[in-house]
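Q:
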Amino acid sequence: MAPTLYTTNQTRLESGKAPETGSVGIDVTRIQESIVDAVVDGVGQGTGRAMEEVRKQMQEVQKELQEARRELQDQRKKQAPAPATTVARSWASVVAGGGELPKKIIPGRLNKKILVRGSIEPSLTWRSPQEIVQAVNGVSERKGAVAACKLPSGDVIVTFQDAEAKEWHAKNGGWIGTAFGEAAKEAKRTFAVLVKGMLKRDLKDVTEAAFGKQLGLQSVERVKFRIPTIEGVTRATALVTITSQEELKRACEEGVVWRA
Numbered sequence: 001m002a003p004t005l006y007t008t009n010q011t012r013l014e015s016g017k018a019p020e021t022g023s024v025g026i027d028v029t030r031i032q033e034s035i036v037d038a039v040v041d042g043v044g045q046g047t048g049r050a051m052e053e054v055r056k057q058m059q060e061v062q063k064e065l066q067e068a069r070r071e072l073q074d075q076r077k078k079q080a081p082a083p084a085t086t087v088a089r090s091w092a093s094v095v096a097g098g099g100e101l102p103k104k105i106i107p108g109r110l111n112k113k114i115l116v117r118g119s120i121e122p123s124l125t126w127r128s129p130q131e132i133v134q135a136v137n138g139v140s141e142r143k144g145a146v147a148a149c150k151l152p153s154g155d156v157i158v159t160f161q162d163a164e165a166k167e168w169h170a171k172n173g174g175w176i177g178t179a180f181g182e183a184a185k186e187a188k189r190t191f192a193v194l195v196k197g198m199l200k201r202d203l204k205d206v207t208e209a210a211f212g213k214q215l216g217l218q219s220v221e222r223v224k225f226r227i228p229t230i231e232g233v234t235r236a237t238a239l240v241t242i243t244s245q246e247e248l249k250r251a252c253e254e255g256v257v258w259r260a
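Letter 122 of the sequence shown, counting from 1, is numbered 122 in my numbering, and no numbers are missing.
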């Protein structure tokens, strides 16, 4: 009778075939036959001696199983890929290698909206969004309003069909006073840009308003000089507030030229 092999993962193998990769073979049939022989011999020699032989055989089985488990674990450790080693980077290497600046995408819907703020007449506060759109298109030469949103503060956001229509209504703001009252006006979204590199002596005879006009930007809202008073510091900065997102992007990417 040919012996039958079993592996630790309980996979039966045919006689004469090698165990699969990653498993360890144990001749269980041989161990079982030796246990049976010990029991048969013990019937004639005494039950006590037979049981002692059985215990010894079981201990041998347990020992072989433990050795098989250890061998299988060793094989798995050898086959497992080594963890990737990470090389520590210094601050100098990070700076030298540069890096990609995070890109902030400006939603396209912001280029279509105008925020109307101010003392809107009480007789007009009850209007629904649809009536607000009709009122805006009724007094506008170009029209183009498609939606309106009433905020809890009392302000109103008017959305136009595209960016061109919004720009036209931003430049021609007469419709705001007619549709919302004389005290209402557009509340523009502003963005701040810090302009650096000017000499303090060059700003002595320059006003903030004149500086804003000389930057070459069309949507400058206001300018605030930051001139240090510490001795030895020769450079000054200016905080420029603009309303155009396109000019904001161009100023950050290409810089601002003053008195070139």
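Don't be surprised by glycine CBs; every beta carbon is placed ideally from N, CA and C.
Please state whether DSSP places R12 in a helix, a strand or coil.
A: Any reading at R12 needs caution, since the residue's pLDDT is 43, under 50, leaving its predicted position unreliable; the model's value is listed next. Reduced to three states, the DSSP call for R12 is strand.
Q: Out of K78, R69, E221 and L199, which one is the CA nearest neighbour of V233?
A: Here the closest residue by C-alpha is L199.
Q: Return helix, strand or coil for T178, following the three-state DSSP convention.
A: The answer is helix: DSSP assigns T178 an H, G or I state.
Q: If you reduce the DSSP assignment to three classes, tell me which class G197 lands in.
A: Three-state DSSP puts G197 in a strand.
Q: Just curious, the alpha helix (DSSP H) that T248 is in, first and last residue?
A: A quick correction: the sequence has Leu, not Thr, at residue 248. First-last of the alpha helix (DSSP H) with L248: Q245 to E254.
Q: Using C-beta distances below 8 Å, list every residue in its chain close to T178, excluding the 5 sequence neighbours before and after it, in chain order.
A: Taken in chain order, the residues that qualify are V139.
Q: Mapping the DSSP letters down to three states, classify V257 as helix, strand or coil.
A: Of the three classes helix, strand and coil, the one that applies to V257 here is coil, per DSSP.
Q: With DSSP as the reference, label K204 as helix, strand or coil.
A: Three-state result, K204: coil.
Q: According to the neighbour-count rule (16 or more other Cβ atoms, all chains shown, within 10 Å of its Cβ), is I132 buried or exposed?
A: Classification of I132: buried, given that the 10 Å Cβ count is 16 or more.
Q: With DSSP as the reference, label L65 as helix, strand or coil.
A: Reduced to three states, the DSSP call for L65 is helix.
Q: Using alpha carbons as the reference points, say which of F225, T229, S244 and R259 lies closest to K171.
A: For the residues F225, T229, S244 and R259, the minimum Cα distance to K171 belongs to S244.
Q: Compare the C-alpha of E246 against each of F191, F160 and Q130 and name the closest.
A: For E246, the nearest C-alpha among the options comes from F191.
Q: Considering only residues of the same chain and omitting the five flanking positions on each side of A251, which have a CB-CB separation below 6 Å?
A: Around A251: V193.
Q: Between the beta-carbon of G216 and the beta-carbon of V223, is there less than 7 Å?
A: No; because the gap between Cβ atoms is not below 7 Å, this pair is not in contact.
Q: When you compare only the Cα positions, how much space is there between V126 and V136?
A: First, the amino acid is wrong: residue 126 is Trp here, not Val. The alpha-carbon atoms of W126 and V136 are separated by roughly 15 Å.
Q: How far does the alpha helix (DSSP H) with I132 in it extend, from its first residue to its last?
A: Run containing I132: P129 to V139, per the alpha helix (DSSP H) assignment.
Q: Contact between the stretch 200 to 209 and the stretch 149 to 156 is defined here as three or more beta-carbon pairs at a separation below 8 Å; is this criterion met?
A: These segments do not touch.
Q: From the DSSP output, in three-state form, read off G22 for me.
A: Interpretation of G22 is limited by its pLDDT of 45, a score under 50 that renders its predicted location unreliable; the figure taken from the coordinates is listed afterwards. The answer is coil: DSSP assigns G22 none of H, G, I, E or B.
Q: Three-state secondary structure (DSSP) at K188?
A: Coil.
Q: According to DSSP, is K56 helix, strand or coil?
A: If DSSP states are grouped into helix, strand and coil, K56 belongs with the helices.
Q: What do you get for K249, buried or exposed, if any count of 16 or more other CB atoms within 10 angstroms of its CB means buried?
A: That one is exposed.
Q: Quick one: give me the first and last residue of the beta strand (DSSP E) that K166 is part of.
A: Looking at the DSSP string, K166 is not in any beta strand (DSSP E); the run it does join, the alpha helix (DSSP H), is A163 to K171.
Q: Could you spell out where the beta strand (DSSP E) holding K113 opens and where it closes?
A: Start and end: K113 to R117.
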